[in-house]
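Residue numbers (the numbering used here): 1 to 95.
From the three backbone atoms N, C-alpha and C, an ideal C-beta is built for every residue, glycine too.
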């Protein structure tokens, strides 16, 4: 997504939440090693403390405008070109 935002990418913060309750140490080690690469912020939830509002098998997308007001909140079962285009249009409008 940052590649689509060009010079405005510094104005957008991406976070990813991962529920780690059903994983093992191998998965956690791999993710921790990947965090050192230039990926976005990854939040690891080992105890399930951040799971409120989440549904198994789907992603929960929230987009806030620069004033901190929630402008998009939806569950996604898949991410395809149309979803990415929609997110990109929303971000360009809000930043």
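State the start and end residues of the unbroken alpha helix (DSSP H) segment that holds residue 81. The residue you call residue 81 lines up with position 81 of the chain shown. Going by DSSP, residue 81 is part of the alpha helix (DSSP H) stretching over 81–94.
Figure out for me which residue from 80, 56, 78, 89 has the closest Cα to the Cα of residue 72. On the chain shown, position 72 is the one that residue 72 refers to. Nearest option by C-alpha distance: 89.
Under a three-way DSSP split, which group does residue 33 fall into? Residue mapping note: residue 33 aligns to position 33 of the chain shown, counting from 1. Here residue 33 carries a helix assignment [DSSP, helix/strand/coil].
Pairwise C-alpha distance: residue 55 and residue 17: Working through the chain shown from its first residue, we reach residue 17 at position 17. Working through the chain shown from its first residue, we reach residue 55 at position 55. Whole-angstrom Cα-Cα distance: 12 angstroms.
Secondary structure of residue 26, DSSP reduced to three states: On the chain shown, position 26 is the one that residue 26 refers to. Helix, per DSSP.
Collapsed DSSP secondary structure at residue 58 in the structure displayed: If you number the chain shown from 1, residue 58 lands on position 58. It is coil, neither helix nor strand.
Rounded to whole angstroms, what's the CA-CA distance from residue 82 to residue 45? Just pull it up for me. The sequence position of residue 82 within the chain shown is 82, counting from 1. The sequence position of residue 45 within the chain shown is 45, counting from 1. For residue 82 and residue 45, the gap between their C-alpha atoms comes out near 29 angstroms.
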